[in-house]
Amino acid sequence: MDEWDINCGIERRLACLRDKKRDNLQSRMEAMPDAYTAVFDRTRPDVMLELRTKLVQYDEMLLKTREVYALQRPAQSDYNSVRNWFDAQKPVVRGELDFIQRKEDLITLRDGRESASFDEFVERCLHALDKLLSSWCRCQIIKRIFITEEMRHKTNNLRIYYYAPQRVDTLVNLIITAVIFTLLVVPVVLMYEMAQVGGTASPLESIGILTVSTLLFGLAMSALTTAKRQELFAASAAYCAVLVVFVSNFGGQQVKTQVAST
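Structure representation (structure tokens):
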């Protein structure tokens, strides 16, 4: 078709010129500037080549847009810090400051941490504890532990200080480990005591402990991590299965012991 358009294009144009109804249109085209006339004189291969180029550019723009949308939005604490810095330092004029108020249009280049919301809560607790200790006994132990020498040199403002992310992550990991250990051990110990021979506890109490423990485990997973729904469901089901197996084993041993004693 492209070759036919190249070879027969002149004949088609001549046939169009013989049509009296198109004389006015042809005269208008001849009166147009050369730039517009060149557009009408293009052949099919030229048009297809331009379309291919435009489509490639459009596809690249779509991919770039998808990559931008894949970037994460800043955490609330990071957004508040940037906005407070803009309010205090005023680096731009007021007319160009409106963009900082559109949080939904802002993105961050830093990858989100697994427990970013819990990290923010821990940092707020550290800040409140530091203010409390400083006002009561002028103790700077929080700053000494969680602020490195490199972090102190990042700002000359005495009212601004940065906690070392590695040390905060270490504290968060310790807290999460302690919470998981508690949720695993405490229900097992309670149900072990209830499953002892001669115990007066009913099976409903064991089921109640199992239900409450599974609920607390799911809440801890949801609050301390960024687990997806299917991951949260799988982890809660596995946790509940472990407790059920424990209860059934000790319940079976208790029944066998009672039968043997009779």
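The sequence shown begins at 1 in full-length UniProt numbering and counts up by one. Each residue gets a CB set at the ideal place from its N, CA and C atoms; glycine is no exception. No experiment lies behind these values; they were computed from the predicted model shown.
- Closest by C-alpha distance to L109, out of A227, P74, I147, L49, is P74.
- A235 sits in a helix when the DSSP states are folded into three classes.
- In the same chain as K103, and ignoring 5 residues on each side of it, the C-beta atoms closer than 6 Å to its own belong to Y79, in chain order.
- As summarised for the segment 86 to 140, the continuous alpha helix (DSSP H) elements at least 4 residues long and confined to that stretch are 116 to 137, given in chain order.
- Taking one beta carbon from each stretch, the segment 169 to 183 and the segment 208 to 228 have 3 or more pairs nearer than 8 Å; the two touch.
- Straight-line spacing of the CA atoms in D87 and S81 works out to 10 Å.
- For L62, the enclosing alpha helix (DSSP H) stretches over residues 44 to 70.
- Annotated three-state conformation of L224 is helix, per DSSP.
- Pairing Q57 with I107 gives a Cβ-Cβ distance that is not under 9 Å.
- The closest CA to that of L183, considering only L63, V242, T53, is found on V242.
- Sequence-distant Cβ neighbours of E231 in its own chain, meaning closer than 6 Å and more than five residues away, do not exist here.
- Going by beta carbons, M221 and S206 fall outside the 9 Å limit.
- DSSP places I160 in no alpha helix (DSSP H); its state is neither H nor E.
- For R73, there is no enclosing alpha helix (DSSP H), as DSSP marks it with neither H nor E.
- When secondary structure is reduced to three states using DSSP, I209 falls in the helix class.
- The beta carbons of D130 and V168 sit no closer together than 9 Å.
- F246 is the residue among F146, I147, M151, F246 whose C-alpha sits nearest the C-alpha of Y192.
- In this structure, the alpha-carbon of G95 lies about 29 Å from that of N156.
- About 6 Å separates the beta carbon of I147 from that of A164, a gap short enough to meet the 8 Å contact definition.
- Leaving aside the five residues that flank M194 on each side, the residues in its chain whose CB is nearer than 8 Å to its CB run, in chain order, A201, E205, S206, I209.
- In this structure, DSSP gives T148 a state outside helix and strand, which the three-state scheme calls coil.
- Residue environment analysis places Y239 among the buried positions, since at least 16 neighbouring C-beta atoms fall within 10 angstroms of its C-beta.
- By the beta-carbon neighbour count (other beta carbons within 10 angstroms, threshold 16), S248 is exposed.
- Around the beta carbon of S213, 16 or more other beta carbons lie within 10 angstroms, which makes this residue buried.
- Put simply, the backbone Cα of R66 is about 25 Å away from that of S117.
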